[in-house]
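**Student:**
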Amino acid sequence: MADDPFDAADTKAEGAGDDWAAALSEHEGSGGAQAPAFAELGNTTTTASAGNQNLDFLLDIPLDVTVELGRTSMIINKMLQLTQGSVVELDKAAGEPVEIFVNDKLLGKGEVIVVNERFGVRITEIISQADRIKNIG
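Just so we're aligned, residue 16 is where the sequence shown starts under this note's numbering, counting upward by one.
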């Protein structure tokens, strides 16, 4: 039956698959099918604490927070005439919300307050996530 084309194909496949056949017979000789051995999973708290350490690392990144009371523009001549006690008029009215920037990106708006003779800002509005994403670019 050497003329049978299927037998020729089988012998070619057997020759190419000798490595597979040897590995299979070695595996069967060692007791048959065995469940794969997996290492025990570690305590899940260590994995969670590793994640917290990564998050803690991010929480320590310094950010520049700026509160803008208002803006104005002036010509150099007017700026050179400024002295101690001069008043610079801004584009915002008293009581109008101030803008809060984090790393030069608008975060929200707030109102100026005084606590223990120090200025502060009470956040009254945080811009939406969609608007923050638009401001990134």
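Glycine is no exception: its CB is placed at the ideal position from the N, C-alpha and C atoms.
With respect to the beta strand (DSSP E) encompassing residue 141, which residues constitute its N-terminal and C-terminal limits?
**Tutor:** 133-141 is the span of the beta strand (DSSP E), which, as asked, contains residue 141.
**Student:** Can you tell me where the beta strand (DSSP E) with residue 91 in it begins and where it stops?
**Tutor:** Element bounds for residue 91: not the beta strand (DSSP E) but the alpha helix (DSSP H), 91-95.
**Student:** Between which residues of its own chain and residue 81 is the CB-CB distance below 6 Å, once the five residues before and five after are set aside?
**Tutor:** 116, listed in sequence order.
**Student:** Assuming residue 83 contacts residue 113 under a Cβ cut-off of 8 Å, what Cβ separation, rounded to an integer in Å, is found between them?
**Tutor:** The pair is a contact, with the Cβ atoms about 6 Å apart (cut-off 8 Å).
**Student:** Going by C-alpha distance, which of 143, 78 and 125 is nearest residue 135?
**Tutor:** Of 143, 78 and 125, the residue nearest in Cα terms is 125.
**Student:** Measure how close the beta-carbons of residue 106 and residue 85 come, nearest whole angstrom, since I'm counting them as under 8 Å.
**Tutor:** About 5 Å separates the two Cβ atoms, so the contact holds.
**Student:** Taking 8 Å as the threshold (C-beta atoms), are residue 87 and residue 104 in contact?
**Tutor:** Yes.
**Student:** Using only alpha-carbon positions, find the residue among 151, 132, 130 and 121 that is nearest to residue 142.
**Tutor:** Nearest option by C-alpha distance: 121.
**Student:** Using the beta-carbon count (16 or more within 10 Å), is residue 23 buried or exposed?
**Tutor:** Here the model assigns residue 23 a pLDDT of 47, short of 50, so the residue's position is not dependable and the matter cannot be decided.
**Student:** Check the C-beta distance from residue 151 over to residue 137 and give it rounded, since I have them as a contact under 8 Å.
**Tutor:** With a Cβ gap of about 25 Å, residue 151 and residue 137 do not count as contacting.
**Student:** From residue 96 to residue 102, what does the alpha carbon distance come to, in whole angstroms?
**Tutor:** The straight-line gap from Cα to Cα measures roughly 11 Å.
**Student:** Could you check the C-alpha separation between residue 130 and residue 109 for me, to the nearest Å?
**Tutor:** Cα-Cα distance, rounded: 18 Å.
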